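Have a look at the structure below before the remarks.
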Amino acid sequence: MLFARRIEHCQVCGTPVEHKVPADDNRERAVCPSCGHVHYVNPLNVVGTLPVWGDQVLLCKRNIEPRKGFWTLPAGFMELGETTAEGAARETDEEAGAHIELGDLYCVINVVSAGQVHLFYRARLLDTEFAPGPETMEARLFHRHEIPWDDLAFRTVRMTLDRYFADRETGQFGIHCADIR
């Protein structure tokens with residue numbers, strides 16, 4: 001397993017689990033020897049937006065680890081009971097306090113080593129009033145030449161911004177998919 005989400009105890013009955021390949025499977029799983037429950041560890045969805053005001057993009061300076069003090073697009077973990085679009089809009093509100101019109105899905109980036117899938121939607125800012133939540137030190141707009149490229153928090157953010165500015169030059173916005181291993 002490449003990431004740290006290793007199950008040690010059954011989430012159903014609390015018994016220490018065994019790590020083995022179940023009879024009807026082809027991968028090692030956490031299996032409870034007491035109640036027989038098979039635990040699956042699947043990737044987490046990170047959802048967010050690429051909010052734009054004219055020729056500027058909105059970035060948030062992180063107030064939490066990992067990468068506290070670095071800039072990112074407003075994004076976070078998707079919650080149960082919401083769609084990816086709803087989660088992206090919620091995260092934008094929570095992190096930036098930004099009012100947006102949500103656009104189309106723009107980037108899907110598999111971060112294999114972290115067990116995550118990052119999904120970014122294009123968004124149009126409805127105003128420039130921001131009210132960052134506790135996870136954000138500052139939310140502000142940047143022209144392309146002003147973006148703190150060396151202080152971006154994550155590769156997924158850089159990839160999304162690179163693709164956005166390339167697409168903006170051509171006027172053609174599609175959906176982009178990439179893998180980070």
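At position 34 of the sequence shown (counting the first as 1) the number is 34 in full-length UniProt numbering, and the numbers step up by one without a gap.
For glycine and all other residues, C-beta sits at the position ideal for the given N, C-alpha and C.
All values derive from a computational prediction rather than experimental measurement.
Give the single residue among the options whose Cα lies nearest to the Cα of residue i.
i    : options             : result
L50  : V108, L59, P66      : L59
N63  : E135, T15, R29      : E135
I100 : W53, R67, E146, G69 : W53
V140 : V46, L73, G14, N45  : Reading off the sequence shown, one finds Arg at residue 140, where the question assumed Val. R140 has its Cα closest to that of L73, out of V46, L73, G14, N45.
I175 : V46, E86, G103      : G103
Among the residues of its own chain, which have a CB less than 6 Å from the CB of residue i, if the five just before and after it don't count?
i    : result
D179 : N110
V108 : L119, C177
F165 : R144
Mapping the DSSP letters down to three states, classify residue i as helix, strand or coil.
i    : result
R27  : coil
R62  : strand
F165 : helix
G87  : helix
E146 : helix
V17  : coil
Using a Cβ-Cβ cut-off of 8 Å (strictly less than) and excluding sequence neighbours within five positions of residue i, which residues of its own chain qualify?
i    : result
V17  : I7, E8, H9, C10, A30, V31, C32, P33, H39
V21  : R27, E28, R29
V117 : P43, L44, N45, V46, V108, I109, N110, V111
Work out the CA separation of residue j and residue i for me, nearest whole Å.
i    : j    : result
H37  : V12  : 7 Å
N26  : G81  : 30 Å
A131 : A89  : 14 Å
D167 : D127 : 23 Å
E169 : G48  : 23 Å
D24  : G115 : 23 Å
K61  : W71  : 4 Å
N42  : R122 : 26 Å
D151 : R181 : 21 Å
R124 : E65  : 28 Å
In or out: residue i buried (at least 16 other Cβ within 10 Å) or exposed?
i    : result
A98  : buried
E95  : buried
R163 : buried
E79  : exposed
E91  : buried
T15  : exposed
Q46  : Note that residue 46 is Val in the sequence shown here, rather than Gln. It is buried - the Cβ of V46 has at least 16 other Cβ atoms within 10 Å.
G76  : buried
So, at 7 Å on beta carbons, what are the nonlocal neighbours of residue i in its own chain, with the 5 sequence-adjacent residues on each side left out?
i    : result
P148 : W71
A153 : R62, R67, F70, W71, T72
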